[in-house]
Amino acid sequence: MNIPLLRKWLQPRLQPRLQPRLQSRLRWQSHAPTALLFAGIFFLALAVRIVAIAVPINTDEVPWMIRGVTFLGRLLKGDLANTFIVHHPGFTNLWLISTGMVLNCSLHKLAPTLLGLDLQPSVGACLNWVTKPSDTLPIALWIVPRLLQAVITSLCMVGIFGLTLRLLGHWIAVGAVTLLLLEPFFLAYQRYLTTDAMQNGFATLGVLALLCYLRDGDRRLLLGSGIAMGLAIAGKITALCLLPGIALWVLLMELGAWRQRFAVRGWRRQVLDFALWGGLIVAVIVALCPALWVAPVEVAQRFITGLSNESNRGNFFFWGKVTDNPGLFYYPMVFAYRLSPAVQIGLLALLVLAVRERRQWGKQPELMALAIAVLSVVAVLSSSKTQVDRYINLIVPELAILAAAGWWAMGKGWLVRLGRPQAGDRLNVLLVGWLVLAQLSVLLPRAPYYLSYYNPLLGGAPVAQQIFAVGWGEGLDQAAAALNRLPQVKTVNVASWYPGVFGAYFKGKTLPIRKVPDPPPAPWTQANRVVLYGRQLQFGYPTAAMLDYFALQQPIQTIAIAGIDYAKIYPGPILLSDDLTQIAQRSDLSFGQSIRLVGYEISQPQLPVSEPLLATFYWSFPAAPPPDSVLYVKLRQTAPTGADAGTDTGTNTSTNTNAQTVWSQSNTGLLASNLSWPAIATDTTVRDVHTLRFDRPVLPGRYQLELEWSAPSVNGSLDVVDGSGRTLGKQAAIATIELLPIES
């Protein structure tokens with residue numbers, strides 16, 4: 037067979053059919069590495085968002101979960117006017133959480149044991165249960181909404197990479213996404229169901245797409261930017277802080293300052309473009325807000341009122357004290373402590389370049405535009421009295437891009453100095469590898485409590501807690517896990533700060549500890565265990581008296597993360613059955629017919645005279661005591677000592693035959709008067725702690741600890757009766773305490 041002749045005959049006949057396939061294959065091969073990179077970014081972003089997806093819960097997530105199910109309930113009832121719930125306005129969150137709840141109920145119908153909840157099998161009945169008013173939702177209901185958000189924000193990361201690639205090139209885009217994916221503080225809020233996660237992603241997409249449009253003129257980018265900014269503003273109103281910076285972009289472009297990269301377009305075209313852009317933003321907001329469809333005026337009024345209240349709320353913690361206005365230094369300190377060293381070094385390098393090589397900096401108007409957007413947000417936020425560290429996450433993507441540009445500029449400078457500019461790609465690969473290692477070194481030690489990250493170069497979390505309010509729910513999952521091990525946990529009552537966070541994990545009943553004191557009896561006085569939180573202690577909530585009551589007590593367990601004691605578990609006032617068996621000293625004394633001393637514990641039978649004495653008493657109440665009953669706890673000298681023998685300094689409010697000195701006494705109601713008599717059930721045992729302090733010089737020696745119940749309504753003090761029925765008088769000496777001299 038004549039092969040050359042056959043090839044000559046076949047080639048013109050097959051080539052038209054094979055050529056498109058060859059071209060398609062070549063195009064796929066050229067785009068395959070980029071496609072794999074996009075896929076890798078998505079799956080890495082998704083992985084860091086869903087690993088340990090159930091922990092922790094952020095306290096700001098709790099109201100959004102409640103708002104989400106409330107929004108869903110009102111949608112199902114057709115009550116559109118009341119679907120505007122808060123001024124943030126958070127509609128992206130509301131729709132996401134509502135969708136997550138519908139999926140939860142659908143999954144429960146398909147697999148009734150999947151969520152581990154006792155729900156009705158039908159979707160409708162499940163939704164009725166989910167949307168009923170409640171302050172706590174079990175953790176099983178959080179997973180699907182968090183997973184949905186993880187997918188959306190991971191897609192945003194892919195979009196941010198793609199637009200940065202178009203705007204600034206391959207290596208800056210790779211460096212930026214490397215920093216951003218592994219930035220601890222940013223990642224923390226990407227995992228939480230607050231308004232921050234989707235706002236930050238959509239706002240960054242909107243900014244980058246708009247900048248690409250202004251440079252390249254592709255109108256699709258303008259449309260995409262308007263939609264993305266609409267989603268960002270519909271999620272959180274702080275996205276508007278970017279607008280002054282965008283306005284400055286347009287001004288600089290039209291003045292010709294960036295002529296080498298951005299053409300002068302003319303004011304007429306700019307007005308038309310931004311009218312379209314703004315119209316898309318408004319259209320997206322209206323589409324996501326059902327209340328605007330039926331009551332636009334009322335929504336506007338409620339929005340303005342809510343925003344005004346938010347901007348003047350005050351009560352922040354900064355530089356170790358509570359203040360109504362943190363001031364202009366707040367956000368610089370946040371940048372110092374919340375950004376990773378890799379981002380900070382990159383930003384510093386870019387700043388040095390901008391100062392030392394102004395001409396080179398002037399050739400990068402895209403970087404100048406991003407810097408202007410950052411400064412715009414910081415300026416607007418700093419002018420407000422409401423300053424919160426998480427607000428900077430709006431501009432962390434831009435900061436990561438600028439930092440990547442700084443690292444890229446440093447690498448380029450090193451190569452020039454070494455005389456090897458041709459090795460650029462190799463050095464860039466090494467830089468990306470270095471950034472991955474640098475970010476992982478600060479990220480992994482804080483997993484999954486990424487919000488506990490503070491810059492280790494500045495002392496980390498132990499120093500930061502002296503400057504900032506710390507603790508947004510981290511550690512409460514561990515506290516709940518510890519208490520879930522109690523016998524018959526479903527009958528256990530635990531009072532906790534951030535009850536919505538703690539209650540999502542706890543299997544028993546959660547009682548709230550709130551900022552504002554509850555009318556007596558406060559819920560914590562009815563608890564078997566009490567969980568106090570670090571942030572609560574910083575602010576002194578709810579009252580100093582309540583915190584003082586626990587201050588000297590030893591917690592059962594302390595939950596520490598990154599060097600900060602986030603949560604402390606204390607024995608509660610109401611004993612569990614197992615607690616009764618662990619009382620150190622048992623007693624059979626009664627006071628009158630209504631009060632019985634079950635037992636007691638002394639912190640130290642021997643202690644220096646400079647230290648306070650902690651005494652714990654366990655009371656039961658066979659009958660209702662007189663309502664004006666007051667307990668006197670006294671420390672009385674047992675024998676004369678030294679020069680003061682036989683004398684009394686005049687502070688004794690009780691008398692006895694020897695007239696010895698009462699050196700210290702506590703005369704309050706139960707739980708430092710936090711528990712009133714009508715709130716005490718006759719079948720409970722109350723744990724009551726008293727602190728005896730020596731507010732005047734006290735002599736070393738032996739002292740008796742005495743108890744006396746005074747009830748003016750029954751003409752004096754209650755009789756003390758022992759287990760055999762003998763009356764012992766009005767006072768009961770239950771223990772001997774030895775006060776030791778202070779060692780010199």
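When we follow the numbering used here, the leftmost residue of the sequence shown carries the number 37, and every step to the right adds one. Quick reminder that beta carbons are idealized off the backbone N, C-alpha and C, glycines included. Computed from a predicted model, the values in this text were never measured in an experiment.
Assignment of residue 508 by DSSP, reduced to helix, strand and coil, places it in the coil class. In the structure shown, the three-state DSSP call for residue 642 is strand.
Look at residue 124 here: in three-state DSSP terms it is coil, with no helix or strand label. In this structure, the beta-carbon distance from residue 719 to residue 624 does not fall below 9 angstroms. A distance below 9 angstroms separates the beta carbons of residue 406 and residue 438. Per DSSP, residue 588 lies in no beta strand (DSSP E) and is assigned neither H nor E. Residue pairing by DSSP places residue 703 opposite 668 in a beta bridge. Taking 9 angstroms as the cut-off, the beta carbon of residue 770 is found closer than this to the beta carbon of residue 741. Annotated as proximal: residue 141 and residue 163, with beta-carbon spacing under 9 angstroms.
The beta carbon of residue 662 is closer than 6 angstroms to those of 747, 749 and 750 in its chain, skipping five residues each way along the sequence. Spatial neighbours of residue 175 in its own chain (CB-CB distance under 6 angstroms, excluding positions within 5 residues in sequence) are listed in chain order as 90, 540 and 541.
Beta bridge pairing from DSSP links residue 626 with 632 and 757.
A Cβ-Cβ distance of about 5 angstroms is found for the pair residue 509 and residue 95, placing them in contact under the 8 angstroms criterion.
Contact check for residue 724 and residue 657: beta-carbon distance about 12 angstroms, past the 8 angstroms limit, so the pair fails to qualify.
Looking from the CA of residue 728, the closest CA among 760, 326, 640 and 263 belongs to 640. For residue 649, the enclosing beta strand (DSSP E) starts and ends at 649-656. Using a 10 angstroms sphere on the CB of residue 329, the tally of other CB atoms stays under 16, which defines it as exposed. By the C-beta criterion, the region 355-367 is judged not to be in contact with the region 207-221, since fewer than 3 inter-stretch pairs fall below 8 angstroms. Secondary structure of residue 352 (DSSP, three-state): strand. For residue 574, the uninterrupted alpha helix (DSSP H) segment begins and ends at 570-575. Per the coordinates, the alpha-carbon of residue 733 lies some 15 angstroms from the alpha-carbon of residue 649.
By the criterion of at least three beta-carbon pairs nearer than 8 angstroms, the region 550-562 is not in contact with the region 490-505. In the structure shown, residue 529 falls within a strand segment according to DSSP collapsed to helix, strand and coil. With at least 16 other beta carbons inside 10 angstroms of its own, residue 185 counts as buried. As the crow flies, the alpha-carbon of residue 92 is around 8 angstroms from that of residue 512. In this model, residue 121 and residue 269 are separated by some 16 angstroms (Cα to Cα).
Residue 644 counts as exposed, since fewer than 16 other C-beta atoms from the protein chains shown sit within 10 angstroms of its C-beta. Excluding residues up to 5 positions away in sequence, 528, 529, 608, 610 and 612 lie with their Cβ nearer than 6 angstroms to the Cβ of residue 564 in the same chain. Check the Cα spacing between residue 194 and each of 222, 226, 237 and 224: the tightest is with 237.
Distance from the CA of residue 595 to the CA of residue 521, rounded to the nearest whole angstrom, comes to 15 angstroms. For the pair residue 604 and residue 569, the CB atoms are nearer than the 9 angstroms cut-off.
With respect to the 9 angstroms criterion, residue 504 and residue 601 are not classified as neighbours on the basis of their beta carbons. Residue pairing of residue 775 in beta bridges, as defined by DSSP: 643 and 737. Cβ atoms of residue 137 and residue 104 come within 8 angstroms of each other, at about 7 angstroms. When secondary structure is reduced to three states using DSSP, residue 232 falls in the helix class. For residue 549, the uninterrupted beta strand (DSSP E) segment begins and ends at 545-549.
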